[in-house]
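Chains as they are written, first to last, in this note's numbering: chain A, 1 to 115; chain B, 116 to 225. Using N, Cα and C, we set each Cβ at its ideal position, and we do this for glycine too. Everything numeric in this text was worked out from a predicted model, so none of it was measured. Notes follow the structure.
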């Protein structure tokens, strides 16, 4: 089992450019999460999906961030346009369901640097 | 609002010494508490959760609702315990959202 897969692992772009991150969760996991982790801080939830439905996106900056999970499996997180403050590690995680007791399994993350 | 506080950014101990990583939380309902760990060059992974009441790699954590704490303890630290440790909280009141603390880096010196 490969676990949660994310790509790319690293991305360097100039400000105002668009960027997209891809995540493939563990097979059979209905719930998918995107987190942002700033340097020296813990992960912060951006959006949570139950199958293909976004059930918690209150922390997603909707003016520039968007996400989708069209077939309830893979997901894409997009930033357009990117700003300097978007430099961070973007983590994807999945769990069997959205229960509070569920373990979340994390991918390796995508480290974004905005110049 | 739910909040998790880890007051120590860095904790440095010698091998064989006891370790306690502090975690305090704020939550209006009944919380589910977790400790996640990230070893060097590895992904974030679950270490333990309070509902399991188990010891993992010699670590234990007890939920103290009176003090709203969930400190992580190990009686004898090993060099391989060196890592980043994150305390996290989840609960029904917040739509099952997982909230992380800022993390504590544990360094175990030989």
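A check of alpha carbon separations from residue 12 of chain A across A/83, A/69, A/107 and A/61 identifies A/83 as the nearest. In this model, residue 152 of chain B and residue 166 of chain B are separated by some 17 Å (Cα to Cα). Straight across, the Cα-Cα distance linking residue 40 of chain A with residue 218 of chain B is about 8 Å.
In this structure, residue 36 of chain A lies near residue 90 of chain A, with their beta-carbon atoms less than 8 Å apart. With the criterion set as a beta carbon lying under 8 Å from some beta carbon of chain A, the members of the segment 194 to 220 of chain B are 201, 203, 205, 206, 207, 210, 211, 212, 213, 214, 215, 216, 217 and 218, in sequence order.
For residue 117 of chain B, the nearest beta carbon of chain A is not closer than 8 Å to its own beta carbon. By the C-beta criterion, the segment 102 to 112 of chain A is judged not to be in contact with the segment 181 to 194 of chain B, since fewer than 3 inter-stretch pairs fall below 8 Å. Residue range 187 to 189 is occupied by the beta strand (DSSP E) that includes residue 189 of chain B. DSSP places residue 138 of chain B in no beta strand (DSSP E); its state is neither H nor E.
Around residue 169 of chain B, no beta-carbon contact reaches into chain A at under 7 Å, the shortest distance being about 13 Å. Put simply, of B/140, B/224 and B/213 the residue whose alpha carbon is nearest the alpha carbon of residue 198 of chain B is B/224. Of all residues in the segment 171 to 189 of chain B, none is placed with a Cβ closer than 8 Å to any Cβ belonging to chain A. Membership of residue 93 of chain A in the beta strand (DSSP E) is indicated by the continuous run 88 to 95.
By the CB criterion at 8 Å, residue 171 of chain B and residue 163 of chain B fall inside the cutoff.
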